[in-house]
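Worksheet: one structure, shown below.
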């Protein structure tokens with residue numbers, strides 16, 4: 055899912071195709087051992103800083119999935135090599151739990167400044183703004199699997215910190231079920247409601263951005279991309295992310311769908327019960 059922050063816009067992605075042949079980044083990944091602020095669960099912080107920095111300076115928070123690590127996500131995605139080209143900093147959180155999954159369902163992590171892994175990641179952002187001169191108005195977040203869930207948690211618990219987000223194979227805020235296609239609809243329903251869009255008003259673009267992918271546009275702030283015949287988790291498309299974030303120029307313009315929307319009803323039960331499980 056792709057979504058742009060509650061301050062500017064918020065949207066979501068479930069799928070995109072990977073680009074083979076990841077080039078090595080120009081510099082190594084660096085672990086931050088300084089006091090970054092409140093980090094009750096001791097989420098690890100790793101950063102990648104290119105030689106040439108853009109001004110204003112963007113920050114991309116890239117979060118690994120279950121069984122992964124900050125180092126693995128650094129190696130197996132293109133965010134760092136793209137940072138060398140476009141001059142943004144990348145922060146890679148590292149899950150503290152055995153098994154490499156993030157806490158995405160406790161009351162602490164779902165609460166603003168309530169603790170949990172989310173507060174540690176929030177501290178990484180404020181630390182980066184204060185220490186690296188990152189522009190607070192150019193902070194973005196993305197993730198895969200458990201990292202996709204955490205991207206949604208951060209968008210829900212700390213919307214003030216982000217301008218846009220993308221989520222690859224995650225679940226809606228407050229949910230904790232993974233491999234279930236209905237998560238796409240639940241996640242869409244959640245953000246469609248936030249933006250006052252309608253589930254009955256969306257335009258579809260077939261075979262975009264890849265063959266067998268369908269992009270559903272609910273508005274300029276929220277899109278859902280679904281993939282047919284792609285396993286879990288879906289491959290990451292870092293270039294599409296950067297275009298969605300506004301770091302690079304997009305190849306296509308996203309516009310509001312043309313239809314007469316039916317207002318989406320207010321959920322009658324708490325969001326954490328709307329997981330499709």
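Numbering (the numbering used here), first residue to last: 55 to 331.
Glycine included, every Cβ here is placed at the ideal spot set by N, Cα and C.
Short Cβ contact (7 Å threshold) for residue i with residue j
i           : j           : result
residue 208 : residue 172 : yes
residue 199 : residue 177 : no
residue 288 : residue 297 : no
residue 263 : residue 294 : yes
residue 174 : residue 89  : no
residue 27  : residue 138 : There is simply no residue 27 to check, as the chain begins at 55 and stops at 331 in what is shown.
residue 162 : residue 170 : yes
residue 179 : residue 215 : yes
residue 141 : residue 107 : yes
Residue burial classification, residue i (beta-carbon count within 10 angstroms, cutoff 16)
i           : result
residue 78  : exposed
residue 260 : exposed
residue 109 : exposed
residue 194 : buried
residue 229 : buried
residue 105 : exposed
residue 226 : buried
residue 304 : exposed
residue 206 : buried
residue 112 : buried
Close Cβ partners of residue i (< 6 Å) along its chain, the five nearest in sequence each way excluded
i           : result
residue 150 : 95, 96 and 97
residue 146 : 100, 116, 124, 127 and 128
residue 202 : 221, 222, 223 and 224
residue 313 : 255
residue 191 : none
residue 204 : 117, 156, 158 and 197
Nearest to residue i (by Cα), restricted to the options the options
i           : options               : result
residue 143 : 101, 267, 307 and 297 : 101
residue 85  : 290, 119 and 124      : 124
residue 292 : 120, 205 and 114      : 114
residue 189 : 247, 277, 301 and 154 : 301
residue 283 : 242, 268 and 294      : 268
residue 286 : 91, 120 and 308       : 120
residue 278 : 122, 242 and 251      : 242
residue 148 : 309, 307, 197 and 164 : 197
Close Cβ partners of residue i (< 8 Å) along its chain, the five nearest in sequence each way excluded
i           : result
residue 311 : 255, 256, 257, 271, 272 and 273
Residue i at chain E interface by Cβ criterion, 7 Å
i           : result
residue 246 : Judged by its chain identifiers, the structure shown contains no chain E, having just a single protein chain.
Practice problem: Tell me, please, whether the region 126–139 touches the region 204–218 by the rule of three or more beta-carbon pairs shorter than 8 Å. | Solution: no
Practice problem: Answer yes if the region 268–283 comes into contact with the region 178–187, meaning at least three C-beta pairs across the two stretches below 8 Å, and no otherwise. | Solution: no
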